[in-house]
Every structure is written in structure tokens, then in C-alpha cells.
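So for the sequence shown, the numbering used here puts the first residue at 384; every next one is plus one. Every residue, glycine too, gets a C-beta built ideally from N, C-alpha and C. Just so we're clear, the structure is a prediction, and the values are computed from it rather than from any experiment.
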Amino acid sequence: MPAPVSGSIMVVGGGISGLTTALEAAEVGYEVFLVEKEASLGGRVAQLKHYFPKLCPPTCGLEINYRRLKDNKNIKVFTMSEVQKVDGQAGDYTVTVKTRPRYVNENCTACGECAKVCETEISNDFNFGMNRRKAAYLPHNMAFPQRCVIDPAMSSDDRERVKAACKYDAVDFDMQEKTFDLKVGAVVFNTGWQPYDATRIDNLGFGRYQNVITNMMLERMAASNGPTEGKILRPSDEKAPQTIAFAQCAGSRDENHLSYCSYICCMASLKHATYLRAQYPDAKIYIYYIDLRTPGRKYEKFYANLKADENIFFVKGRYAAHLRSGQTGCRPELRRRRFYYQ
Ligand SMILES: Cc1cc2nc3c(=O)[nH]c(=O)nc-3n(C[C@H](O)[C@H](O)[C@H](O)COP(=O)(O)OP(=O)(O)OC[C@H]3O[C@@H](n4cnc5c(N)ncnc54)[C@H](O)[C@@H]3O)c2cc1C
């Protein structure tokens, strides 16, 4: 291996993996450039209500890492940024990075006055489109950096209002997209994962039936900073669900979709059962699975605790049924083949 020409490292992706990579490298003395495409670090973990197996809020882990990050002069963070090109060779790379304008500068204190006066609304991607947000917004309450963003869709009237409302002179509509090069000795990609497009799993009816949701949507609903402020409700009528079914391996271990196991969804559904149980002591919860994968002592114990709940039913078998158009209820004889709230 040739000795590195540059001592700098680029880490692409600011989720929990990228944050950890950047911090570990910076803390042993490397200069690190952390490049994140969203307006805030944290990745998917920031969208979760609790983290298994301890069931603690992800804020704990993220806050500790943000503290380490703030204390470390070796790390430079570029949010709203993506790698365009990597040239060079091992130990000596030139990476071209493009940064989108935030239209908000470092003066921002995240006071939220801009959002108050803004009338333009956009879909809230952080909540998977389950609600809308203002075109001037803080990405979420755990955002790092704690700085608002202005969406380019903001109307010109709103632009004037927002600029006038900001006491800190933080709004800057002259900001432009920037492209620049960085010299690094190594590049580490930690770009994480994307939810599978659930509309492609035709037999589950996602996108056709309001009460069929994905596990990440459930995370957002359960989170106190989510679209329902933490209350898990049936999207169709905002009432309490009485029967909830989890379709395991949806889009996984299936040659029509992804052939491999996601590793995480068994534990995610078991965790979701704890969310539901905390809110609905009598709800019936069905978990339809091919194999339950709860590796290691802690995960197995988590599963064992839930098995002791007499209203959580583990049903081995692959779901198959379609829901018929217009059907809103769940007939008892079909109940075991449904994957939505009743
Ligand atoms: C429903 C559900 C519940 C879960 N619950 C738990 C749990 O309780 N406990 C647990 O241990 N795990 C849980 N997980 C798994 C956990 O979400 C992942 O382990 C974790 O998100 C992995 O972090 P990551 O940094 O690798 O990826 P991500 O969280 O996906 O972060 C990747 C980051 O890279 C950024 N990025 C992507 N592409 C680019 C690009 N081209 N340029 C720059 N940046 C880019 C993204 O914006 C993001 O910030 C759960 C997963 C699911 C689906």
C-alpha cells in the first residue's frame, strides 16, 4: 500500500454510520470532511421514536455525537451537499462537491419567526408526506446544525415577509449553488438505505388503502415530533386502531422484489408492538412472518418478553390476500390475512 499523499478523509453520508466514522477518524488526528445531502445530520435514526433494544430515544446517541463533533476542530461539515466526481488514485483523490443554497446563514438561531410568517406550505418529507410544513423550516427538533432552511418553492411574497421577520439577518436569497474541489487521501461512503417503494408490493395495497402504512411511517406517527404528535391513529379516520397486523419480509426475501433479508424488520416490528401496547393496552397485534430473526441474547430476550403478551399473535406464513376496492372493514374470517388497522 502506498503511503497516503493527503492526510484528509472524506466521509459521505451523515447518518449514525457516517458520524461515527468521521468522529473516530477526527479523534485520532485526521482532518475530516463530512458531506451530507440533507439539511441536517442524523440520517434515518433521527426519524425513529425509540431505538431497540434499550428503547431509548435516538436523541441520546445523536446528541453525544453532536457534542463530540462540536468539540472537534478536525471535522468540517457540509450539509445540503453531494459528491459530483472523484478523480485520482488511492491516497490522493480530488473530490468535487456541490452544495445547494440553504438561503439561511450562520446567524440563524432557529427561533422559528420565519416559519411563523411564511404562508407557502410544502410536503413534509421527514414525515413521509403525512403532513405539510412551511417552506421556511427547521428540518426537525434534533437537527444539526440547528439552522432553518428555506425551500426554493417559497412564494415571492413570503420571501419578503420572511426576510423582514428575521431579527438576525440570517435570511439570504442571494445564496447560490456552489461547486468546489477537496483533496483527500481516502473517501468513505456511508450513504445508508432508502425505504423500498411499498407501492410495488401490489398485494399489500399500500397507496390504495389509507390504513396500510410502512414501518417508517409508523415510526414517524409514534414520535412526539411526528405528524400526529406521537399518537398512533388510523390514517383513514384518525381513530384508535383495535387490530394491527404486521406483514414481515414485505419486499424482502422475495425474488420479485429484493432477494435478501433486511436484517432489521423483525426487531422493528417487535419494537412497534411495544409502541402500540403502550398506547392501546387491549389492541390485538398480529405479526405474520416467515422466520423471526432476533439474533443475539438481547434481541431474543426482547422477543421473549413480547411473546408473553396474550394479545400479540405470531403467525407463521406468507401473506397473500388482496384487499378489495372500497373495503374498509376486516371480516373476522379474513382477519389473519390483513395488514392494516381495523
Ligand atoms: C422501521 C425501522 C426501525 C428501525 N429501528 C432501529 C432500532 O430501533 N435500533 C437499531 O439499531 N436500528 C434500527 N433501524 C435501523 C437503522 O435505521 C439503521 O441501522 C441506521 O439508519 C443506519 O445508519 P446509516 O448511517 O448507515 O444510514 P442512514 O441512517 O440511512 O444515513 C445515511 C445518510 O447518508 C445521507 N446520504 C445518502 N446518500 C447521500 C449522498 N449521495 N451524498 C451525501 N449524503 C448522502 C442520507 O441523507 C443520510 O443522512 C431501524 C430501521 C427501520 C427501517
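Distance between residue j and residue i (C-alpha atoms, nearest Å)
i: D534; j: G575; result: 24 Å
i: I673; j: S652; result: 14 Å
i: G396; j: L445; result: 14 Å
i: P441; j: S635; result: 25 Å
i: Y537; j: G474; result: The sequence given here places Met at residue 537; Tyr does not occur at that position. If I take the Cα positions, the gap works out to 43 Å.
i: A581; j: F589; result: 6 Å
i: G364; j: V469; result: As displayed, the chain neither begins before 384 nor continues past 725, which places residue 364 out of reach and without an answer.
i: I647; j: P678; result: 10 Å
i: L587; j: R515; result: 26 Å
i: Q559; j: M599; result: 33 Å
i: A548; j: R542; result: 10 Å
i: V618; j: N510; result: The question names Val, but residue 618 in the sequence shown is Pro. Near 13 Å, if we compare the C-alpha coordinates of N510 and P618.
i: K437; j: I615; result: 21 Å
i: C632; j: S645; result: 8 Å
i: L620; j: N507; result: Going by the sequence as given, residue 620 is Asp instead of Leu. Cα to Cα, the separation comes out at about 20 Å.
i: V394; j: T404; result: 7 Å
i: G398; j: G390; result: 23 Å
i: P385; j: Q472; result: Bear in mind that the predicted position of P385 carries a pLDDT of just 48, short of 50, making it unreliable; the figure below should be weighed with that in mind. About 10 Å.
i: V532; j: I695; result: 42 Å
i: S400; j: D564; result: 24 Å
i: T462; j: D540; result: 27 Å
i: K622; j: A661; result: 16 Å
i: A569; j: K459; result: 15 Å
i: T626; j: A666; result: 6 Å
i: K499; j: K432; result: 26 Å
i: K517; j: E504; result: 4 Å
i: Y724; j: R676; result: For Y724, the predicted model reports a pLDDT of 43, less than 50, meaning its position is unreliable; a value from the coordinates is still stated below. If I take the Cα positions, the gap works out to 24 Å.
i: G609; j: K699; result: 32 Å
i: V478; j: Y413; result: 17 Å
i: I668; j: Y592; result: 19 Å
i: M650; j: K681; result: 11 Å
i: S423; j: L402; result: 12 Å
i: N488; j: G426; result: 22 Å
Opening and closing residue of the alpha helix (DSSP H) in which residue i lies
i: M393; result: Unbroken run through M393 is the beta strand (DSSP E), 391-395; no alpha helix (DSSP H).
i: Q662; result: 648-662
i: Y682; result: 679-690
i: E496; result: 496-500
i: V545; result: 539-548
i: M599; result: 598-605
According to DSSP, residues forming a beta bridge with residue i
i: C439; result: Y434
i: Y669; result: A628, F696
i: G425; result: G398
i: S506; result: R515
i: Y476; result: G471, V567
i: K481; result: E465, T562
i: Y449; result: Beta-bridge pairing links Y449 to no other residue.
i: V532; result: Y520
i: V487; result: V554
i: F527; result: Paired residues: none, contrary to the question.
i: Y643; result: Paired residues: none, contrary to the question.
i: Y702; result: None; Y702 has no bridge partner.
i: Y592; result: F589
Delimiting residues of the beta strand (DSSP E) encompassing residue i
i: E414; result: 414-418
i: A630; result: 626-630
i: S464; result: 464-472
i: R515; result: 515-517
i: L565; result: 561-567
i: D555; result: Careful: D555 lies outside any beta strand (DSSP E) and carries neither H nor E.
i: V460; result: 458-461
Assumed close pair residue i, residue j - CB separation to whole angstroms, cut-off 8 Å
i: Q529; j: A493; result: 4 Å
i: A605; j: Y658; result: 4 Å
i: C497; j: A519; result: 4 Å
i: K654; j: F435; result: 5 Å
i: V567; j: I392; result: 6 Å
i: Y671; j: A703; result: In fact, because the Cβ distance is near 10 Å, the residues do not count as touching under 8 Å.
i: V415; j: N457; result: 6 Å
i: M525; j: A429; result: 5 Å
i: F527; j: Y449; result: 5 Å
i: E502; j: K481; result: Going by Cβ atoms, the distance from E502 to K481 rounds to 30 Å, so no, they are not a contact pair.
i: P522; j: E421; result: 7 Å
i: P578; j: T562; result: Contact flag wrong, Cβ pair sits at about 30 Å.
Check: residue i C-beta below 8 Å from any heavy atom of ligand 2
i: F435; result: In the structure on display, ligand 2 does not appear, and the ligands it does have are ligand 1.
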